[in-house]
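Heads up, the thing below is written out as structure tokens.
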Amino acid sequence: MMKRIFGLITLLTTISLIGIIVIQYSWLKNVVAIKNEQIANKVEMVEFEVVESLVDEKMKFAPDIPLDVLPKGAQDRVLEIFGPQTIAEHFTVEQIQQKIEKAFAANGLKGAKFQFAVLSNTNNIGPELASPDYLKYYEQGVKDSANYLLHVWPLMSLPDEESRPYMPQEKLVLIIYNIQGFVLKSISWMILVAILFTLIIVAAFYLTIRTILTQKKLSEMKTDFINNMTHELRTPLATISIAVDTLKNEKIIGNRDQLLSIGQIIKTENSRMNTQVEQILQAAQLDVNQVLKDMKDLQVHEVLRKIESKFALQVEEKNARLEIHLDAQRDGVAGHPVHFVNMLSNLVDNALKYCREDVVPAISVSTHNEKNWIVVVVKDNGIGMTKDTMSKIFDKFYRAHTGDVHNVKGFGLGLNYTKKMVEAHHGTIEVSSTLNAGSTFTVKLPLR
Ligand code: ADP
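Residue numbering for the sequence shown follows my numbering, starting at 1 and increasing by one per position.
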């Protein structure tokens with residue numbers, strides 16, 4: 001049920017995320033198109049203004065005499081007297097350039113890039129006047145109409161002034177060429193905000209999913225732990241209960257040997273329960289501050305020898321080999337007398353627990369010094385672990401649920417406890433392992 005809802009939530013959120021991104025993209029595309037059109041319109045308006053003012057000025061210096069009725073010689077004479085009459089003759093390139101620039105700036109298109117030329121209608125050789133890069137941009141502008149606005153304006157009088165047909169005919173060619181840049185600049189903040197919010201949503205979504213998954217894992221691990229613990233505690237309780245029932249039997253009461261053996265069973269089961277309860281309590285009520293207060297001077301080598309003898313029986317039962325190489329020159333540390341022993345015992349205990357059936361379990365415990373540290377290495381030739389498992393073994397309640405491991409008893413608390421303890425002793429713990437080949441735990445502790 002949970003799983004289905006979770007899957008549904010993920011699916012719906014993913015779909016809506018994709019939908020939002022697609023819609024945003026198409027909106028932005030629309031905005032770009034609209035802006036493009038707006039700017040093109042504005043450009044045309046500005047150009048019209050410039051053309052109008054140029055024509056106005058041209059009119060001012062045009063002779064107000066119907067020249068065409070005069071003979072040719074007289075026409076030239078009049079023109080000579082009245083001075084320059086074409087735009088090209090009257091203005092310099094810089095003047096026109098400034099005129100256009102000013103008009104763009106006045107219309108909110110400051111910095112628009114353009115090239116222009118004034119051409120004569122009668123003379124087709126080339127422009128009369130042109131900005132420096134006009135020809136280069138003209139060629140590109142003809143080819144690429146999306147990025148270049150290329151307009152040709154006649155520079156002539158308006159219809160009601162047609163009474164002056166003798167006025168020299170000219171045209172203005174204008175090429176505007178950073179249109180896309182203008183459009184992008186004007187909507188860049190929109191794009192940035194859209195990207196930013198989309199990223200925030202995606203990140204939040206990712207974090208939510210990740211949190212849900214971790215929570216789910218944790219709750220599964222806790223359920224496992226409780227099932228496991230219930231089972232582990234019930235078994236000795238049942239055994240003790242049967243043993244006590246047996247004690248009531250008349251025949252047994254008379255038999256001293258049997259009484260003793262039943263007593264022994266009860267004792268064993270009781271101490272098994274004790275160890276388990278101890279382990280759980282250890283992990284549950286671990287008070288690091290208390291541990292720090294009760295630090296004593298400890299010799300690591302002495303502790304390891306104690307651990308060796310503590311496991312001697314188990315090692316023998318398993319037909320295993322436990323070697324210790326105490327090579328460190330200095331082994332004095334500050335440690336808690338009980339917890340320090342437990343934290344290292346856990347490593348040896350695991351090395352024995354997670355051994356392979358098909359080889360003789362060989363465990364080595366060694367020490368050496370590194371600067372002001374003593375390094376304890378616990379190495380086994382057991383089942384090993386995958387990279388994924390390695391990254392989780394120090395988590396509370398974590399147990400690898402694969403193959404052989406399943407029939408090995410445990411609560412997944414041991415390594416979590418060990419790590420916490422090592423840290424309380426200002427040390428570090430690391431693991432390296434190869435599946436089916438063995439594991440190595442390295443504990444580094446500061447010397448006294
Ligand atoms: P438990 O042993 O109670 O499961 P631990 O915290 O001690 O809990 O260990 C967590 C897990 O790490 C184990 O379930 C096991 O999968 C893995 N593990 C620990 N030590 C070893 C080892 N020496 N070799 C292989 N796997 C190990």
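Just so it is clear, CB atoms sit at the ideal spot from N, CA and C, and this is done for glycine as well.
Out of the options, which has the shortest C-alpha to C-alpha gap to residue i?
i	options	result
LEU352	HIS151, ASP331, ASN319 and LEU174	ASN319
GLN299	MET273, GLY332, SER432 and LEU415	GLY332
LYS58	ASN30, GLU89, VAL43 and GLY73	GLU89
PHE6	ASP297, SER391, ILE280 and THR208	THR208
THR92	GLY108, ALA106, GLU128 and ALA105	GLU128
PRO236	ARG210, VAL22, THR268 and ILE226	THR268
LEU199	LYS310, ILE20 and ALA33	ILE20
ILE226	ARG4, THR211 and GLY412	GLY412
LYS387	THR428, LEU286, SER439 and THR246	SER439
VAL288	LYS420, ALA117 and GLN95	LYS420
MET273	ASP245, GLN285, HIS231 and SER219	HIS231
LEU196	GLN24, TRP153 and ASN436	GLN24
TRP153	ASP144, LEU192, LEU213 and VAL173	VAL173
SER219	ASN249, LYS396 and ASN255	LYS396
GLN115	HIS151, LYS310, LYS3 and LYS251	HIS151
Looking at residue j and residue i, is the spacing between their C-beta atoms short of 8 Å?
i	j	result
LEU17	PHE205	yes
MET229	TYR398	no
ILE100	LEU155	no
GLU170	LEU119	yes
ALA103	GLU139	no
THR442	VAL377	yes
GLY126	ILE175	no
VAL202	ASN36	no
LYS113	ASN178	yes
HIS336	ASP297	no
GLN97	SER131	yes
ASP380	ILE393	no
GLN276	LEU233	yes
ILE266	ILE240	yes
ASN369	ALA328	yes
ASN107	LYS42	yes
ARG356	ILE324	no
LYS306	TRP373	no
ALA40	LEU149	yes
ALA283	TYR417	yes
ALA424	VAL291	yes
Quick check on the DSSP output: the alpha helix (DSSP H) that includes residue i runs from which residue to which?
i	result
VAL51	2-60
ALA243	179-247
PHE104	93-106
GLY126	Taken as a continuous stretch (DSSP letters only), GLY126 belongs to no alpha helix (DSSP H), as it is neither H nor E.
ILE307	300-317
PHE340	339-353
ASP388	387-390
LEU135	134-143
VAL291	288-293
GLU423	414-424
For the beta strand (DSSP E) that residue i lies in, which residues bound it at each end?
i	result
VAL431	428-434
ALA117	114-120
LEU281	Where LEU281 is concerned, there is no enclosing beta strand (DSSP E), although the alpha helix (DSSP H) it sits in stretches over 256-284.
THR86	Careful: THR86 lies outside any beta strand (DSSP E) and carries neither H nor E.
ALA362	362-370
THR440	438-446
LYS379	373-380
LYS171	170-176
ALA328	Run containing ALA328: none; DSSP gives neither H nor E here.
GLY335	332-335
LEU150	149-155
Short of 7 Å in beta carbon distance, which residues of its chain neighbour residue i, apart from the five on each side in sequence? Order them along the chain.
i	result
LEU326	HIS301, LEU304 and THR367
HIS426	PRO446
THR495	Outside the modelled stretch of the chain, which goes from 1 to 448, sits residue 495, for which no answer is possible.
ASN147	TYR177, ILE179 and GLN180
GLU162	Bear in mind that the predicted position of GLU162 carries a pLDDT of just 48, short of 50, making it unreliable; the figure below should be weighed with that in mind. There are no such residues.
THR434	GLY384
GLY403	Only weak support exists for where GLY403 lies, its pLDDT of 46 falling under 50; the coordinates are left without a value.
I'd like the list of long-range same chain contacts for residue i, defined as Cβ closer than 6 Å, with 5 residues on each side in sequence excluded.
i	result
VAL405	Low per-residue confidence applies at VAL405: pLDDT is 47, beneath 50, and the placement is therefore not dependable, though the value from the model is reported in the following sentence. If we look at VAL405 and ignore the five residues flanking it on each side, it has no Cβ neighbours.
PRO159	Confidence at PRO159 is low in this model, with a pLDDT of 49, below 50, so the placement of that residue should be treated as unreliable; the coordinate-derived value is given next. The answer is none, since no qualifying residue turns up.
VAL341	VAL303
VAL315	LEU322
ILE429	LYS419, VAL422 and VAL443
VAL431	MET390 and PHE441
Whose C-beta lies closer than 8 Å to the C-beta of residue i among residues of the same chain, with five residues either side of it excluded?
i	result
VAL31	ILE187 and MET190
GLY414	GLN279, ASN346, ASP349 and ASN350
THR10	ILE209
ASN270	PRO236 and ILE240
VAL246	Here residue 246 turns out to be Thr, not Val, going by the sequence shown. Counting only Cβ-Cβ distances below 8 Å, and skipping sequence neighbours, we find ILE252 and ILE262.
Is the closest heavy atom of the ligand PLP to the C-beta of residue i under 7 Å?
i	result
ASN227	As far as ligands go, the structure on display features the ligand ADP and does not contain the ligand PLP.
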